[in-house]
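Residues 41 to 821 in this note's numbering are what the sequence shown lists, from first letter to last.
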Amino acid sequence: MNLKKRSILAFILASGLMLWGLGRQLAPAWAHDPHDVVQQIEISPTYDQDQTLYLLVRGNFLKSQDGGKTWQRQVNGLNAKGPPLSFTISPQVPNQLYLSTESDGVYKSIDAGESWQSVNQGLSELAITQVVVSPTKPDEVLAVGHDGHIFRSDNGGTGWSQALETASPVSAIAFSSTQPERVVAGDQQGNLYGSTDGGETWAPLGGVPEGGAITSVSFPIGAAAGQFWVGTEQAGALSTVDGGKTLTPMNEGLSEMSVQAIVGQVEPDKDQPTLYASTANDGVFYSEGGERWQPMDGGLTKTEQADKMGFPHFTRLALSPSFAEDGTVLVSGFNGLFKTTDRGQTWVQLDTLAGDIVMAVALSPNYATDGTLVAATYVGEAYLSQDGGDTWQPMAKGLELPYFTDSFEPIERNDDPRRFQALAFSPNYRADQTLFGTILNNGVLRYSQKQGWRLHRFQQWERAIAIAPSPNFSQDQTLFIVGQKGRVHRSSNGGKTFSKVGDIDTQVGNESPFMVVSPDYANDQTVYITGPVGIYKTTDAGKTWQAVTDAEQFKTRLSLRLAISPDYANDQTLWVGSSEGLFQTQDGGATWAEVSGAYGEQPYIEAVVVSPSYATDQTMLVSVRGQGLFKSTDGGDSFAPVGDATLPVSIVSNFESSAMSLLISPGYAEDQTLYGFGSVQSEIFKSTDSGGTWQTLALPKAEIFEAYNRYQHTFSSQARIFFYLYRNRLLKGFLAVVAGGLSYGVLSALSQWVKLPWLKRPFRIAAAGLVTCLALTVLFV
Numbered sequence: 041m042n043l044k045k046r047s048i049l050a051f052i053l054a055s056g057l058m059l060w061g062l063g064r065q066l067a068p069a070w071a072h073d074p075h076d077v078v079q080q081i082e083i084s085p086t087y088d089q090d091q092t093l094y095l096l097v098r099g100n101f102l103k104s105q106d107g108g109k110t111w112q113r114q115v116n117g118l119n120a121k122g123p124p125l126s127f128t129i130s131p132q133v134p135n136q137l138y139l140s141t142e143s144d145g146v147y148k149s150i151d152a153g154e155s156w157q158s159v160n161q162g163l164s165e166l167a168i169t170q171v172v173v174s175p176t177k178p179d180e181v182l183a184v185g186h187d188g189h190i191f192r193s194d195n196g197g198t199g200w201s202q203a204l205e206t207a208s209p210v211s212a213i214a215f216s217s218t219q220p221e222r223v224v225a226g227d228q229q230g231n232l233y234g235s236t237d238g239g240e241t242w243a244p245l246g247g248v249p250e251g252g253a254i255t256s257v258s259f260p261i262g263a264a265a266g267q268f269w270v271g272t273e274q275a276g277a278l279s280t281v282d283g284g285k286t287l288t289p290m291n292e293g294l295s296e297m298s299v300q301a302i303v304g305q306v307e308p309d310k311d312q313p314t315l316y317a318s319t320a321n322d323g324v325f326y327s328e329g330g331e332r333w334q335p336m337d338g339g340l341t342k343t344e345q346a347d348k349m350g351f352p353h354f355t356r357l358a359l360s361p362s363f364a365e366d367g368t369v370l371v372s373g374f375n376g377l378f379k380t381t382d383r384g385q386t387w388v389q390l391d392t393l394a395g396d397i398v399m400a401v402a403l404s405p406n407y408a409t410d411g412t413l414v415a416a417t418y419v420g421e422a423y424l425s426q427d428g429g430d431t432w433q434p435m436a437k438g439l440e441l442p443y444f445t446d447s448f449e450p451i452e453r454n455d456d457p458r459r460f461q462a463l464a465f466s467p468n469y470r471a472d473q474t475l476f477g478t479i480l481n482n483g484v485l486r487y488s489q490k491q492g493w494r495l496h497r498f499q500q501w502e503r504a505i506a507i508a509p510s511p512n513f514s515q516d517q518t519l520f521i522v523g524q525k526g527r528v529h530r531s532s533n534g535g536k537t538f539s540k541v542g543d544i545d546t547q548v549g550n551e552s553p554f555m556v557v558s559p560d561y562a563n564d565q566t567v568y569i570t571g572p573v574g575i576y577k578t579t580d581a582g583k584t585w586q587a588v589t590d591a592e593q594f595k596t597r598l599s600l601r602l603a604i605s606p607d608y609a610n611d612q613t614l615w616v617g618s619s620e621g622l623f624q625t626q627d628g629g630a631t632w633a634e635v636s637g638a639y640g641e642q643p644y645i646e647a648v649v650v651s652p653s654y655a656t657d658q659t660m661l662v663s664v665r666g667q668g669l670f671k672s673t674d675g676g677d678s679f680a681p682v683g684d685a686t687l688p689v690s691i692v693s694n695f696e697s698s699a700m701s702l703l704i705s706p707g708y709a710e711d712q713t714l715y716g717f718g719s720v721q722s723e724i725f726k727s728t729d730s731g732g733t734w735q736t737l738a739l740p741k742a743e744i745f746e747a748y749n750r751y752q753h754t755f756s757s758q759a760r761i762f763f764y765l766y767r768n769r770l771l772k773g774f775l776a777v778v779a780g781g782l783s784y785g786v787l788s789a790l791s792q793w794v795k796l797p798w799l800k801r802p803f804r805i806a807a808a809g810l811v812t813c814l815a816l817t818v819l820f821v
């Protein structure tokens with residue numbers, strides 16, 4: 041065998057061994073949404089019967105009726121523009137809940153969270169941080185204001201009156217479980233206040249000024265009169281047996297003093313309560329009566345991002361009302377929700393905002409004939425249906441993790457970069473079978489059946505990317521993208537490469553931009569993008585941009601969502617939904633007017649869609665926060681509610697997204713079909729009667745996972761990934777081997793002409809090896 045053949049064989053064998061070794065690391069890294077950031081968890085007073093849990097997670101109110109295995113997002117009536125901050129359940133009437141918000145006061149539910157109504161009459165401020173309910177009087181409620189006020193209602197929130205004003209904002213408050221008229225509140229300066237008449241009048245108690253804020257006041261069920269525990273920001277846990285006059289530190293065994301919550305109850309045959317305490321960084325501790333704490337953290341996890349952002353790792357606790365029998369405790373935190381059913385010996389993490397939440401849906405431009413749609417989840421999965429959503433198949437090729445990390449190394453599930461943002465079909469899909477997607481961090485994806493997904497990255501980091509193809513795509517192959525920084529990129533070759541063509545202003549906060557392209561783009565070169573001053577417009581294919589809205593008018597309006605008339609060339613009409621109303625222009629953005637409707641003034645508009653036959657049917661629909669869908673058949677002059685207001689047709693709160701959560705069929709005039717999404721389950725919604733009734737279409741998660749696992753572990757897929765990741769190194773190695781082979785060949789030819797005794801095969805092999813090493817050094821250094 042000559043040297044050239046031996047070199048090639050050695051190269052193949054070495055590559056194969058590397059592939060075998062590295063390929064073994066190709067274990068899929070399934071991920072839920074990173075850092076669920078669970079704000080609060082509460083257990084139903086009748087948990088032993090109904091297995092019902094409630095929680096706040098990233099500003100979303102969720103309910104579970106199976107002990108936390110599955111969750112449902114509750115939206116009906118929750119039209120608050122600011123995020124919810126806390127909630128409470130009436131111990132006497134389990135179906136009665138109260139929820140406080142950052143800027144919209146208090147909401148009340150009398151049907152276990154299925155629907156809500158605002159109850160703010162008499163509140164002098166609407167930034168409410170906490171709400172608590174009397175253990176014996178379900179209509180006796182206290183609400184804590186952000187500015188240091190406590191408000192009281194004795195009629196279930198119908199009317200409120202101010203009961204206390206403190207110098208420092210109240211940070212914890214609780215009713216006594218043994219003396220129902222007794223209430224204790226603590227403020228951010230470590231001061232305690234007490235009431236013995238259900239919160240009508242108050243008096244100062246003792247305090248721990250050196251301990252920072254009071255984080256928790258706890259009256260364990262069954263504890264002696266006058267006995268309660270206090271958690272503090274810096275002084276750990278303290279107890280009192282005289283109603284708060286004196287406080288005694290109870291910190292033996294605690295590894296840190298930042299106590300976030302304390303819960304407990306006196307069990308049968310015990311004199312002292314069983315207590316659990318959560319601390320900011322070290323997890324959960326257990327104690328009999330608080331005399332000595334011991335850690336109970338088996339299975340609890342943390343993430344370094346909490347430290348970077350200055351958040352506690354663990355926050356609130358909830359103890360099962362039937363704790364003596366079921367041993368159930370739950371703890372919330374930055375990295376999610378954890379549950380134990382063995383009194384804290386082991387903890388299991390519960391998915392609340394799972395990675396398979398649907399974040400984008402797109403309909404084929406030929407949907408009327410091919411029934412094709414695509415759904416993408418928040419983390420790394422996409423599904424194709426060709427029968428209107430009845431069945432699904434995975435679009436896994438190209439979504440393997442190494443394509444996004446450039447490494448075979450496993451990663452933490454919270455760090456998975458495959459975060460879908462938006463989807464868009466090629467307008468020429470019938471012919472090119474191509475669609476596009478964007479991911480949260482610096483990526484545009486192009487999909488074809490033959491090649492799968494192909495990732496394009498940008499030299500300047502882009503985040504929260506919106507995407508829109510030209511309606512004339514079959515001729516111009518044009519595609520636009522824009523990210524939070526306002527840099528506009530354009531592709532003129534069908535998304536294979538992009539060039540920066542213009543700029544708009546940087547988005548405010550963590551907002552994602554939204555973009556629409558004129559249906560008459562071939563003639564008018566017009567594109568619209570949302571930004572910090574409202575709407576921006578270009579008429580030269582993205583080179584220059586002008587704001588076409590009054591910055592003052594739009595400075596407080598967030599979550600802008602654009603829709604454009606299919607007859608734009610003639611009517612110059614667009615709509616923009618916002619956190620403070622729906623607006624319309626009929627002159628290409630020169631002037632804008634608010635569109636009022638049955639949904640009230642300045643509602644939070646979460647989605648806007650327009651009928652493809654708008655010129656003739658004048659139909660459009662909007663999704664209104666807390667109120668559901670509204671439909672107009674007169675171009676927006678009037679709206680009427682349609683469908684089920686409990687359906688969450690809106691992007692899950694606090695997820696950056698440039699997708700529309702409501703979609704309308706290209707064949708709407710004939711099929712009356714709509715799609716929506718916004719659930720915290722892996723599902724979408726479909727209506728075939730213009731929103732009147734809806735069915736839920738579940739993505740076949742188990743089958744998709746199985747198929748994806750099989751696909752990712754085939755030798756051919758691992759080989760493809762390996763050669764993709766190491767293509768540059770392999771090319772350089774090949775060139776070095778070629779250089780060595782050529783040097784051997786030259787020396788062999790020379791030996792035929794010049795008979796030198798030292799120019800024999802050993803020398804030629806050594807020289808070829810030296811040339812190969814030198815070439816490797818030059819190429820890799």
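In this text, a Cβ means the ideal position worked out from N, Cα and C, and glycines have one as well.
Query: 9 Å Cβ cutoff met for S149 and L137; Result: yes
Query: Proximal residues to D337 (C-beta, below 8 Å), its chain only, five neighbours per side dropped; Result: D322, G323, V324, W387
Query: Separation of V648 from S678, as counted between CA atoms; Result: 15 Å
Query: Extent of the continuous alpha helix (DSSP H) to which V821 belongs; Result: Looking at the DSSP string, V821 is not in any alpha helix (DSSP H), and its letter there is neither H nor E.
Query: Beta-bridge partners of M496, as assigned by DSSP; Result: A small fix is needed here, since residue 496 is His in this sequence, not Met. BP columns for H496 point to V484.
Query: Delimiting residues of the beta strand (DSSP E) encompassing P124; Result: 124-129
Query: Range of the contiguous beta strand (DSSP E) that encloses Q170; Result: 168-173
Query: Proximity of L245 and V224 at Cβ, strictly below 9 Å; Result: yes
Query: Segments of 4+ residues assigned as alpha helix (DSSP H) that fall wholly inside the stretch 724-795; Result: 741-752, 755-765, 767-793
Query: Own chain residues within Cβ distance below 8 Å of V650, not counting five before or after; Result: A603, I604, S605, P606, W615, T659, M660, I704
Query: Element boundaries [alpha helix (DSSP H), containing K348]; Result: 344-349
Query: Span separating the alpha-carbon of W70 from that of K741; Result: Bear in mind that the predicted position of W70 carries a pLDDT of just 33, short of 50, making it unreliable; the figure below should be weighed with that in mind. About 12 Å.
Query: Extent of the continuous alpha helix (DSSP H) run through R470; Result: 469-472
Query: Rounded separation between D73 and G785 - CA only; Result: Unreliable positioning characterises D73 in this predicted model, as indicated by a pLDDT of 41, which lies under 50. A coordinate reading is not provided.
Query: CA-to-CA distance, Y654 to K772, given in whole angstroms; Result: 58 Å
Query: C-beta contact flag for N550 and N454 at 9 Å; Result: no
Query: Start and end residues, alpha helix (DSSP H) containing E365; Result: 363-366
Query: Sufficient close CB pairs (3 or more, under 8 Å) joining the stretch 500-509 to the stretch 461-471; Result: yes
Query: Boundaries (first-last residue) of the beta strand (DSSP E) holding D455; Result: Careful: D455 lies outside any beta strand (DSSP E) and carries neither H nor E.
Query: Simplified DSSP state of T814, which is helix, strand or coil; Result: For clarity, residue 814 is Leu in the given sequence; the question names Thr instead. The answer is helix: DSSP assigns L814 an H, G or I state.
Query: Member of Y561, P572, Q593 whose CA lies at the smallest distance from the CA of T578; Result: Y561
Query: Bridge partner(s) assigned by DSSP for N694; Result: Answer is none; N694 lacks a bridge partner.
Query: Continuous alpha helix (DSSP H) stretch holding Y407: start and end; Result: 407-410
Query: Beta carbon of E82 nearer than 9 Å to that of L95; Result: yes
Query: Own chain, CB closer than 8 Å to I52, minus 5 neighbours either side, in chain order; Result: Low confidence applies to I52: its pLDDT is 30, below 50, so where it sits in the model is not reliable enough to give any reading.
Query: Closest Cα partner of E365 within the set V371, K348, T319, T380; Result: T380
Query: Range of the contiguous alpha helix (DSSP H) that encloses D545; Result: Where D545 is concerned, there is no enclosing alpha helix (DSSP H), given that its DSSP letter is neither H nor E.
Query: DSSP three-state assignment for G304, whether helix, strand or coil; Result: strand
Query: Neighbourhood of G145 by C-beta, 7 Å cutoff - its chain only, sequence neighbours within 5 removed; Result: S158, N160, L163, L166, I168
Query: Which listed residue (L790, G780, P797) has its alpha carbon closest to that of G809; Result: G780
Query: W632 and L687 closer than 9 Å at C-beta; Result: no
Query: Identity of the residues DSSP links to H189 by a beta bridge; Result: E205
Query: Where R527 falls: helix, strand or coil (DSSP); Result: strand
Query: Range covered by the alpha helix (DSSP H) that runs through F513; Result: 513-516
Query: Presumed contact (8 Å Cβ cut-off) between L413 and G429, rounded CB distance; Result: 6 Å
Query: A759 versus W493: straight-line alpha-carbon distance, rounded; Result: 16 Å
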